[in-house]
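Working notes, structure below.
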Amino acid sequence: MIIAYVELETDKEYRYQYKIVSEKSEENFDCEPAMVYYETNIANEIMKSSAYEKEEFVFNQQHYKIALLLTEKRFNVYNKYAIRKVDLTSGKPVEIIVYKSKALCPACKKNNREMNLENVIATVRCLLNLNDTCEIEIQHCKNCDTYFVEEQSLKEYEKKYGLLLFERVTESNFSGYGYDEFCGNFAKDTILSRYGYVAQAEKMNVDSRRAILSFLIDQGHKSEIKNILSSFIYNRSERCYKACSIWESDLRFVNEYDSEHDDYVGLGWLTRL
Ligand SMILES: [Zn+2]
0 MIIAYVELET DKEYRYQYKI VSEKSEENFD CEPAMVYYET NIANEIMKSS AYEKEEFVFN
60 QQHYKIALLL TEKRFNVYNK YAIRKVDLTS GKPVEIIVYK SKALCPACKK NNREMNLENV
120 IATVRCLLNL NDTCEIEIQH CKNCDTYFVE EQSLKEYEKK YGLLLFERVT ESNFSGYGYD
180 EFCGNFAKDT ILSRYGYVAQ AEKMNVDSRR AILSFLIDQG HKSEIKNILS SFIYNRSERC
240 YKACSIWESD LRFVNEYDSE HDDYVGLGWL TRL
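Residue numbers for the sequence shown, in numbering that gives the first Met the number 0: 0 to 272.
This is the structure we're talking about:
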């Protein structure tokens with residue numbers, strides 16, 4: 000995919016034209032203008048200049064002036080210098096769509112709208128240590144004001160930092176196509192699945208599951224979680240016999256969890272001694 004067209008001038012008034020492409024396989028120096036992969040040094044200099052709004056740069060001891068730069072909307076997604084920082088740790092957890100490929104906004108794609116994407120460095124919380132934060136690179140669509148992250152990158156981040164705290168929406172949920180939540184995989188539209196809860200011992204250990212449950216209970220979702228787990232146990236215990244014992248033990252945990260939100264009983268507040 001061509002993400003930019005550029006014309007460069009040197010002091011000797013040579014003029015060079017390039018097209019910057021997003022895939023290595025599209026690189027081609029034999030055509031006119033040459034197709035240059037975005038990670039090559041010269042493209043890198045152009046991207047850096049564009050992000051810092053500079054019209055000139057020096058490369059290999061040669062001075063270049065950017066005479067013309069036409070960029071496609073996705074240009075900034077590939078431009079590692081054009082990165083805004085956002086803090087997603089305060090307030091209500093933000094929804095992030097987990098998507099299979101980079102440089103796509105699912106909502107814009109679905110509605111055939113032109114995308115307006117940027118990369119952002121997002122500060123998010125780590126679920127197992129709520130006092131800790133980490134920074135991950137995600138994408139943001141300025142048209143829709145939605146955030147999304149590529150599935151593979153998220154996996155890498157979570158390998159490094161552990162489970163991250165945000166409300167995740169998977170591509171299949173988002174596009175509205177059915178995706179069977181068989182045996183505790185990402186379920187469609189339950190708050191548990193949106194926080195990454197999985198009732199499979201090999202995918203998620205008990206500490207992580209309970210960290211999610213505790214967090215959500217503290218956010219005031221206790222009765223919702225009890226309803227979800229009860230309905231999982233009731234409706235799926237036969238085909239998901241392995242997950243069922245996990246749901247049962249997690250439901251016991253939820254029932255016994257002592258949250259601030261339990262203290263309110265109708266007419267007044269109970270005081271905890
Ligand atoms: Zn969009």
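C-beta atoms are modelled at their ideal positions from N, C-alpha and C, and glycine is treated no differently.
Check, Outcome
"Quick check on the contact list: which residues have their beta carbon closer than 5 Å to a heavy atom of ligand 1?", "C104, A106, C107, C140, N142, C143"
"Report the partner residues of N27 according to the DSSP bridge assignment.", "M34"
"Are L67 and A3 close, meaning C-beta to C-beta below 8 Å?", "no"
"Cα separation between E117 and Y77?", "9 Å"
"For Y240, count the other beta carbons within 10 Å of its own beta carbon; 16 or more makes it buried, fewer makes it exposed. Which is it?", "exposed"
"Can you tell which of V123, N27, I65, V35 has its C-alpha closest to the C-alpha of D10?", "I65"
"Using the three-state DSSP reduction, which class does C125 fall into: helix, strand or coil?", "strand"
"With DSSP run on the structure shown, which of helix, strand or coil describes R238?", "coil"
"Between F273 and I95, what straight-line distance do the alpha-carbon atoms span, to the nearest angstrom?", "Lying before the first or after the last residue shown, residue 273 is absent from the chain, which here runs from 0 to 272."
"What separation, rounded to the nearest whole angstrom, lies between the Cα atoms of C30 and N115?", "29 Å"
"Could you give the first and the last residue of the continuous alpha helix (DSSP H) run that contains A106?", "105-109"
"Between S236 and the rest of its own chain, which residues show a CB-CB distance below 6 Å, the 5 nearest in sequence each way excluded?", "C243"
"Measure the alpha-carbon distance for E113 versus C107 and round it to whole angstroms.", "6 Å"
"Can you give me the C-alpha to C-alpha distance between Y256 and S213, rounded to a whole angstrom?", "8 Å"
"Where do the ends of the alpha helix (DSSP H) carrying L212 lie?", "205-217"
"Anyone know if the C-beta pair for K225 and L250 falls short of 8 Å?", "yes"
"Alpha carbon to alpha carbon, how far is K91 from Q138?", "19 Å"
"Nearest by alpha-carbon distance to Q218: which of C140, N110, Y194 is it?", "Y194"
"Short check: CB of V253 to CB of I216, under 8 Å?", "yes"
"Quick check: the Cα distance between C140 and V148, rounded to an integer number of angstroms?", "11 Å"
"In chain order, what residues of the same chain have a beta carbon less than 8 Å from the beta carbon of K79, not counting five sequence neighbours either side?", "M46, N118"
"Out of F231, V5, D86, S100, state which residue places its alpha-carbon closest to the alpha-carbon of N43.", "V5"
"Going by DSSP, what residue range makes up the beta strand (DSSP E) through E149?", "145-149"
"Does F58 come out as helix, strand or coil in the three-state DSSP assignment?", "strand"
"Could you check if Y13 is buried or exposed, using at least 16 other CB atoms within 10 Å of its CB as the buried criterion?", "exposed"
"Hey, quick one: how far does the alpha helix (DSSP H) through A42 stretch, first residue to last?", "40-50"
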